[in-house]
Amino acid sequence: MKTVADIPLSSPSLTQMMMPTADEIAWGRRRLHRKAAFIAVLALSSYAALVFAPVGFLLRVGFALVLVVACVATATGVMHDGNHGAFSRTTRVARIAGWSSDLLGASSYLWRFKHNKLHHGNTNVVGFDTDIDQMPFARLAPQQPWHPRHRYQHLYMWVLYGFLTIQWFVASDYATLLHRKVGNHALPVTPRKRDVALILFGKLVHLGWAIVLPMAFHPWWGVLGFYVACSWLVGFLLANIFQLAHCVDIAEFFTPDAPRRGSDFELHQLRTTVDIRCKVPVVRGFLHWLMGGLDYQIEHHLAPKLPHTTYQLIAPRLEAACAERGVEYRVHPSVTAAVGSHARWLRQMGQEPVMSENAKIRTDDRPNGGV
Ligand SMILES: [Zn+2]
0 MKTVADIPLS
10 SPSLTQMMMP
20 TADEIAWGRR
30 RLHRKAAFIA
40 VLALSSYAAL
50 VFAPVGFLLR
60 VGFALVLVVA
70 CVATATGVMH
80 DGNHGAFSRT
90 TRVARIAGWS
100 SDLLGASSYL
110 WRFKHNKLHH
120 GNTNVVGFDT
130 DIDQMPFARL
140 APQQPWHPRH
150 RYQHLYMWVL
160 YGFLTIQWFV
170 ASDYATLLHR
180 KVGNHALPVT
190 PRKRDVALIL
200 FGKLVHLGWA
210 IVLPMAFHPW
220 WGVLGFYVAC
230 SWLVGFLLAN
240 IFQLAHCVDI
250 AEFFTPDAPR
260 RGSDFELHQL
270 RTTVDIRCKV
280 PVVRGFLHWL
290 MGGLDYQIEH
300 HLAPKLPHTT
310 YQLIAPRLEA
320 ACAERGVEYR
330 VHPSVTAAVG
340 SHARWLRQMG
350 QEPVMSENAK
360 IRTDDRPNGG
370 V
């Protein structure tokens with residue numbers, strides 16, 4: 000296997016070798032905008048039917064499930080692209096798309112710091128990447144401390160994943176605003192009064208459409224029941240979409256002293272991120288649509304400002320470039336393989352570590368450590 004030192008300095012980077020042309024990006028953006036319009040119609044029509052239609056319980060459950068799908072697609076296919084600046088060439092339009100996060104109950108302002116800076120800049124780096132910081136509930140990396148409760152994390156974490164969006168709405172965003180930091184990381188700038196007002200306005204808008212308006216037409220207990228059930232499903236699907244790419248037993252985890260920027264940035268992303276391929280075309284197409292292209296997380300992490308509708312186009316180029324350079328390109332061969340990989344990792348990290356585990360799993364000693 001080649002090492003980084005074997006590649007001439009003048010060679011194009013792996014990212015450059017996969018990049019789409021300007022025409023391909025424009026084509027991808029047009030597809031993304033059509034998709035966003037469809038998601039908006041799906042969300043509005045399913046919400047209107049759920050709240051206003053005089054139908055029975057079973058049909059109402061059906062409308063709620065469609066709304067769940069629309070909310071997940073909004074988060075992955077509109078909000079995520081918007082907050083990366085991938086939705087449009089115009090920052091203002093991209094920000095408006097990103098504000099759909101606030102409609103779903105989570106602040107887009109704080110998301111951009113947590114996701115774009117901490118997660119993308121430090122993928123699977125313990126102490127930086129908040130996606131793998133689920134303490135005290137779960138130990139997701141070998142460098143994190145272990146507690147006896149973690150023996151059961153492969154059972155209870157699947158339930159806790161469902162509360163992801165509710166805790167964004169009712170807890171974590173307020174804690175971040177109050178302490179001006181995420182984990183140990185201070186917000187890069189103190190939010191202006193206007194930013195705070197916009198964050199709180201977003202919370203009110205979410206409360207209004209998701210709880211207050213439906214309560215004008217239905218009993219409060221029914222509204223809260225549907226709200227908790229739908230939020231749990233949205234949170235469960237979103238948590239899995241992100242965890243299956245990084246928190247799996249074929250990805251690697253690093254301490255903060257690992258090189259992860261500059262020339263090492265690409266290799267770091269390729270060691271910490273895994274794609275998912277599904278062999279059944281119909282399932283593959285639906286999952287790709289629902290996941291907002293995040294079955295191609297490697298491509299996303301190498302070029303997060305590209306519209307996700309271009310990932311399928313550029314993935315074969317990146318795979319070929321990796322093969323040419325002798326760099327491992329990690330893929331789950333199916334969705335069930337991805338879920339199994341995450342389940343194994345939860346169980347493995349839940350076992351009590353032996354004294355020398357940290358030394359054994361030092362990144363350079365791991366089987367793929369010498370990319
Ligand atoms: Zn992202």
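Take the sequence shown: its position 300, counting from 1, is numbered 299 in numbering that gives the first Met the number 0, and each next residue is one higher.
The beta carbon of each residue, even a glycine, is placed where N, CA and C say it ideally should be.
For clarity, every value in this text was computed on a predicted model and none was experimentally measured.
Considering just the uninterrupted stretch of the alpha helix (DSSP H) at residue i, what are its terminal residues?
| i | result |
| --- | --- |
| Leu-103 | Per DSSP, Leu-103 belongs to no alpha helix (DSSP H) and is neither H nor E. |
| Trp-220 | 219 to 245 |
| Asn-82 | 79 to 83 |
| Tyr-328 | Unbroken run through Tyr-328: none, as it is neither H nor E. |
| Arg-91 | 90 to 97 |
| Val-200 | It should be noted that the sequence gives Phe, not Val, for residue 200. Run containing Phe-200: 192 to 206, per the alpha helix (DSSP H) assignment. |
| Gln-142 | Segment: none, Gln-142 is in no alpha helix (DSSP H) and carries neither H nor E. |
| Tyr-155 | 152 to 160 |
| Trp-167 | Where Trp-167 is concerned, there is no enclosing alpha helix (DSSP H), given that its DSSP letter is neither H nor E. |
| Thr-14 | 13 to 17 |
| Arg-283 | 280 to 289 |
Does residue i come out as helix, strand or coil in the three-state DSSP assignment?
| i | result |
| --- | --- |
| Ala-314 | helix |
| Ala-302 | coil |
| Val-273 | coil |
| Val-54 | coil |
| Phe-136 | coil |
| Gln-350 | coil |
| Phe-62 | helix |
| Phe-253 | strand |
| Val-334 | helix |
| Ala-358 | Low per-residue confidence applies at Ala-358: pLDDT is 47, beneath 50, and the placement is therefore not dependable, though the value from the model is reported in the following sentence. DSSP places Ala-358 in helix when its eight states are reduced to three. |
| Asp-263 | helix |
| Ala-215 | coil |
| Asp-172 | helix |
| Glu-23 | helix |
| Gly-292 | coil |
| Ser-87 | coil |
| His-32 | helix |
| His-146 | coil |
| Asp-130 | helix |
| Ser-45 | helix |
| Ser-340 | helix |
Tell me, please, which residues DSSP counts as bridged to residue i.
| i | result |
| --- | --- |
| Lys-180 | Ala-185 |
| Val-124 | Phe-253 |
Does any heavy atom of ligand 1 sit closer than 7 Å to the C-beta of residue i?
| i | result |
| --- | --- |
| His-380 | The first residue shown for the chain is 0 and the last is 370, placing residue 380 beyond what the model contains. |
| Pro-306 | no |
| Pro-280 | no |
| His-83 | yes |
| His-114 | yes |
| His-119 | yes |
| His-287 | no |
| His-205 | no |
| His-245 | no |
| His-299 | yes |
| His-267 | no |
| His-79 | yes |
Exposed or buried, what is residue i when buried is set at 16 or more other beta-carbons lying within 10 Å of its beta-carbon?
| i | result |
| --- | --- |
| Pro-213 | buried |
| Glu-298 | buried |
| Pro-306 | buried |
| Asn-183 | exposed |
| Glu-251 | buried |
| Glu-323 | exposed |
| Ala-21 | exposed |
| Gly-284 | exposed |
| Asp-294 | buried |
| Gln-133 | buried |
| Leu-139 | buried |
Shorter than 7 Å, the distance from the beta carbon of residue i to the closest heavy atom of ligand 3, or not?
| i | result |
| --- | --- |
| Pro-303 | Looking for ligand 3 in the displayed structure turns up nothing; the ligands present are ligand 1. |
Any beta carbon of chain C sitting closer than 8 Å to that of residue i?
| i | result |
| --- | --- |
| Arg-138 | Protein chains in the displayed structure number just one, and chain C is not present. |
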